[in-house]
Amino acid sequence: MSWLVTGGAGYIGAHVVRALADGGERVVVYDDLSTGSTDRVPDGVPLVVGSVLDRAALEDAIRDHAVTGVVHIAAKKQVGESVELPLYYYRENVTGLATLLEAMTATSVGRLVFSSSAAVYGMPDVELVTEDTPCLPMSPYGESKLIGEWLINAAARAHGIRAASLRYFNVAGAAAPELADSGVFNLIPMVFERLEAGDAPRVFGDDYATPDGTCVRDYIHVKDIASAHLAAARRLTDAPEGTSLVVNIGRGEGSSVQEMVERILKVTGRQDVAPQVTERRPGDPARVVASADRAHEELGWSAGHDLDDMIESAWQGWRHRHG
Ligand code: WQD
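In the working numbering, the protein residues as written are 4 to 326.
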C-alpha cells in the first residue's frame with residue numbers, strides 16, 4: 004500500500020510517518036506547513052505542500068504518488084481556540100475531511116485512518132470510557148471530530164470506503180528530541196514552561212471527586228499512537244468494503260494531575276519545587292480513562308510505553324528546543 008499522510012509534518016504525523024515507513028509501507032506526506040515543519044519529514048519520504056481544503060491538489064497528490072490509502076491527521080486541535088473560532092475549526096476539520104473524502108472517492112482510494120479524539124466524549128461519567136459511551140462533546144473541536152466520524156461512517160456505507168477512526172486520549176512524549184511537540188498547550192509542556200520561568204507548576208483544582216482530588220487522564224506515548232496507526236492501516240488492508248471502525252487509543256490507566264506533576268518534578272530534578280493549586284479550569288472533566296479492549300481485539304494493538312518514558316522523552320525534546 005501507499006499511504007498519503009495528511010499532517011505528516013506535524014508532531015503526531017511525523018511519528019506516524021516513521022512507524023508506517025519502518026513497517027514497510029510506502030508513505031507520502033501532505034501538509035500545509037501551517038504548524039508542521041519540513042525538518043520533521045524524513046529523507047526519502049516525498050512531501051506535497053497543500054491544504055486539505057484544496058481538492059484538486061489532493062487528487063494530484065493521490066495520482067502522482069499512486070496513493071491507495073489515506074491517514075488523515077491534518078487538523079486544528081486546540082480546544083480553547085475552537086471556542087473562540089468555531090467557524091474556522093468547522094472549516095478546517097469538517098470541510099477539510101469532506102473535501103478529502105471527495106478527492107478519495109473521485110480517485111477510487113478506499114482506505115482511511117482518521118485522527119479522532121477522546122474530546123468526542125465530553126464529560127463521561129464512567130470509570131472506563133468504551134466506544135459505546137455516549138458522545139457529548141463540549142467544544143467545537145470535539146464536535147468537529149465527532150462529525151468527522153459521522154461523515155466517514157456515511158462515506159463507508161455509501162462508497163464502500165474502509166475506515167478506522169482512532170480516538171486518541173492524552174498524547175505525550177517523543178520518539179526523538181527533534182520530533183517533540185513544539186506547542187505548549189498540555190500539562191507536561193505547561194509544567195516545563197513554568198519550571199523554566201522559575202514559577203511553580205499549577206494544578207487546576209484539587210476538589211474533584213477523584214482519589215487525590217485532581218483530574219485523572221489516560222496519558223499515551225506518541226510512539227504508541229504511531230504504532231496504532233500502523234496496526235489500523237494493516238487491519239484495513241484486507242477488510243471488507245464498508246468496514247468502519249471506531250477505536251479508543253489509550254493505555255486504560257488513569258493518572259492524576261498531582262501524580263503527573265510529581266513525576267515531572269522528579270524527572271526534571273526539581274523536587275525542591277512545590278506545585279501551586281489554583282482554581283479549576285472551566286470545562287475540565289474529572290476523569291477520562293479509556294477502555295483499551297477494542298483496540299486489542301480489533302487491531303491487536305496495546306500500548307507499550309509508560310509515563311516515565313513519556314515525561315523523560317518530552318523533557319529531552321524540551322531541552323533540545325530550548326537549549
Ligand atoms: C490535562 C489535565 C488540566 C495544565 C486536551 C483536550 C483533548 C486532547 C488533549 C486534542 C487537566 C490539568 C493542565 C496545567 C493542570 N486534545 N492541568 N495544570 O484537557 O485532558 O485534553 O488535550 O486532541 O481533546 O481537551 O489535556 O494536557 O490540557 O490537561 O492542572 O498547567 O492537566 O486541568 O486536568 P486535557 P491537558
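Quick reminder that beta carbons are idealized off the backbone N, C-alpha and C, glycines included.
Worksheet item: Looking only at its own chain, which residues have a Cβ that is under 7 Å from the Cβ of residue 274, when we skip the five neighbours before and after it?
Response: Residue mapping note: residue 274 aligns to position 271 of the sequence shown, counting from 1. 268, listed in sequence order.
Discussion item. By the three-class DSSP mapping on this structure, what secondary structure does residue 72 have?
Written reply: The count along the sequence shown starts at 1 and reaches residue 72 at position 69. The answer is strand: DSSP assigns residue 72 an E or B state.
Practice prompt. Find out if the Cβ-Cβ distance for the pair residue 31, residue 68 is shorter than 8 Å.
Written response: By 1-based counting over the sequence shown, the position of residue 31 is 28. By 1-based counting over the sequence shown, the position of residue 68 is 65. Remark: C-beta atoms of residue 31 and residue 68 approach each other more closely than 8 Å.
Practice prompt. Using 7 Å as the cut-off, classify the Cβ of residue 173 as near or not near the heavy atoms of ligand 1, replying yes or no.
Written response: For the purposes of this step, residue 173 is identified with residue 170 of the sequence shown, where counting begins at 1. Yes.
Discussion item. Does residue 231 pass the burial test, meaning 16 or more other C-beta atoms within 10 Å, or should it be called exposed?
Written reply: Residue numbering aside, residue 231 sits at position 228 when the sequence shown is read from its first letter. Label assigned to residue 231: buried.
Item to complete: Tell me whether residue 284 counts as near ligand 1, meaning its Cβ is closer than 7 Å to at least one heavy atom of that ligand.
Response: Here residue 284 refers to the residue found at position 281 of the sequence shown. Answer for residue 284: yes, Cβ within range of ligand 1.
Worksheet item: Does the pairing of the stretch 132-140 with the stretch 185-195 give three or more beta-carbon distances under 8 Å?
Response: no
Item to complete: Using the Cα positions of residue 297 and residue 101, report the straight-line distance between them to the nearest angstrom.
Response: Sequence index remark: in the sequence shown, residue 297 carries index 294 (1-based). Sequence index remark: in the sequence shown, residue 101 carries index 98 (1-based). So the alpha carbons of these two residues sit roughly 27 Å apart.
Item to complete: With DSSP as the reference, label residue 164 as helix, strand or coil.
Response: Numbered from 1 along the sequence shown, position 161 holds the residue referred to as residue 164. Note: residue 164 maps to coil in three-state DSSP.
Discussion item. Can you check which of these residues, 16, 200, 239 and 8, is closest to residue 303 by C-alpha distance?
Written reply: Indexing the sequence shown from 1 puts residue 303 at position 300. Closest option to residue 303, Cα to Cα, is 239.
Discussion item. Just checking residue 138 against ligand 2 - is the residue's beta carbon closer than 7 Å to any of the ligand's heavy atoms?
Written reply: This structure does not include ligand 2; its bound ligands are ligand 1.
Worksheet item: Between the C-alpha atoms of residue 261 and residue 217, what's the straight-line distance to the nearest angstrom?
Response: Start at 1 with the first residue of the sequence shown, and residue 261 comes out as number 258. Start at 1 with the first residue of the sequence shown, and residue 217 comes out as number 214. Rounded to the nearest whole angstrom, the CA to CA distance from residue 261 to residue 217 is 6 Å.
Practice prompt. Can you tell me which of the three DSSP states residue 82 falls into?
Written response: Taking the sequence shown and counting its residues from 1, one reaches residue 82 at position 79. In this structure, residue 82 counts as helix in the three-state DSSP scheme.
Worksheet item: Excluding the five sequence neighbours on either side, which residues of its own chain have a C-beta within less than 8 Å of the C-beta of residue 256, listed in chain order?
Response: As a first step, residue 256 must be located in the sequence shown, where it is residue number 253. Counting only Cβ-Cβ distances below 8 Å, and skipping sequence neighbours, we find 221 and 292.
Worksheet item: Does at least one heavy atom of ligand 1 sit under 7 Å from the Cβ of residue 218?
Response: Position 215 of the sequence shown, counted from the start, is the residue given in the question as residue 218. Ligand 1 approaches residue 218 closely enough that one of its heavy atoms is under 7 Å from the residue's Cβ.
Fill in: Whole runs of the beta strand (DSSP E) within the stretch 272-324, excluding any shorter than 3 residues
Along the length of the stretch 272-324, whole beta strand (DSSP E) runs at least 3 residues long occupy 279-281, reported in chain order.
Discussion item. Just checking residue 209 against ligand 1 - is the residue's beta carbon closer than 7 Å to any of the ligand's heavy atoms?
Written reply: Taking the sequence shown and counting its residues from 1, the one referred to as residue 209 is at position 206. For ligand 1, not one heavy atom lies less than 7 Å from the Cβ of residue 209.
Practice prompt. Just list the alpha helix (DSSP H) runs in the stretch 180-219, keeping only unbroken ones of 4 residues or longer that don't cross its boundaries, in chain order.
Written response: 190-199
Practice prompt. Would you mind sorting residue 126 into buried or exposed? The rule is 16 or more other CB atoms within 10 Å of its CB.
Written response: Mapped onto the sequence shown, residue 126 falls at position 123. With fewer than 16 other Cβ atoms within 10 Å, it is exposed.
Item to complete: Report buried or exposed for residue 278, applying the criterion of at least 16 other Cβ atoms within 10 angstroms of its Cβ.
Response: As a first step, residue 278 must be located in the sequence shown, where it is residue number 275. Buried, since its Cβ has 16 or more Cβ neighbours within 10 Å.
Discussion item. If I follow the unbroken alpha helix (DSSP H) through residue 102, where does it start and stop?
Written reply: What you label residue 102 is simply residue 99 of the sequence shown in a count that begins at 1. Element bounds for residue 102: 99-109.
Worksheet item: Taking Cβ positions, are residue 328 and residue 112 nearer each other than 8 Å?
Response: Because the chain in this structure spans residues 4 to 326, residue 328 falls outside the shown range and cannot be described.
Item to complete: Can you tell me the Cβ-Cβ gap for residue 163 and residue 76, rounded? I've got them flagged as a contact below 8 Å.
Response: Against the sequence shown, residue 163 aligns to sequence position 160. Against the sequence shown, residue 76 aligns to sequence position 73. That belief does not hold up - the Cβ atoms of residue 163 and residue 76 are roughly 23 Å apart, past 8 Å.
Worksheet entry | Nonlocal neighbours in the same chain, by C-beta distance under 6 Å from residue 253, ignoring five residues either side | The sequence position of residue 253 within the sequence shown is 250, counting from 1. If we look at residue 253 and ignore the five residues flanking it on each side, its Cβ neighbours are 172, 221, 223, 293 and 295.
Item to complete: Could you tell me which of 52, 70, 41 and 286 sits nearest to residue 7, measuring between CA atoms?
Response: One-based indexing of the sequence shown puts residue 7 at position 4. Of the listed residues, the one whose Cα sits closest to residue 7 is 70.
Worksheet item: Quick one: does the C-beta of residue 20 sit closer than 7 Å to a heavy atom of ligand 1?
Response: Within the sequence shown, residue 20 is the residue found at index 17, counting from 1. Checking the Cβ of residue 20 against ligand 1 gives no.
Worksheet item: Tell me which same chain residues have a C-beta within less than 8 Å of the C-beta of residue 151, skipping the five on either side of it?
Response: Your numbering for residue 151 matches position 148 in the sequence shown. Closer than 8 Å at Cβ, skipping near neighbours: 96, 97, 100, 117, 119 and 168.
Worksheet item: From residue 161 to residue 249, what distance separates their C-alpha atoms?
Response: Within the sequence shown, the letter at position 158 stands for residue 161. Within the sequence shown, the letter at position 246 stands for residue 249. Rounded to the nearest angstrom, the two C-alpha atoms are 17 Å apart.
Item to complete: Tell me whether the beta-carbon of residue 23 lies closer than 8 Å to the beta-carbon of residue 182.
Response: Residue mapping note: residue 23 aligns to position 20 of the sequence shown, counting from 1. Residue mapping note: residue 182 aligns to position 179 of the sequence shown, counting from 1. No.
Worksheet item: Terminal residues of the continuous alpha helix (DSSP H) containing residue 229?
Response: Within the sequence shown, numbered from 1, the residue matching residue 229 stands at position 226. From DSSP, the alpha helix (DSSP H) with residue 229 extends over 225-240.
Item to complete: Mark residue 325 as exposed unless 16 or more other C-beta atoms lie within 10 angstroms of its C-beta, in which case mark it buried.
Response: The residue you call residue 325 lines up with position 322 of the sequence shown. Within 10 angstroms of the beta-carbon of residue 325 lie fewer than 16 other beta-carbons, which makes it exposed.
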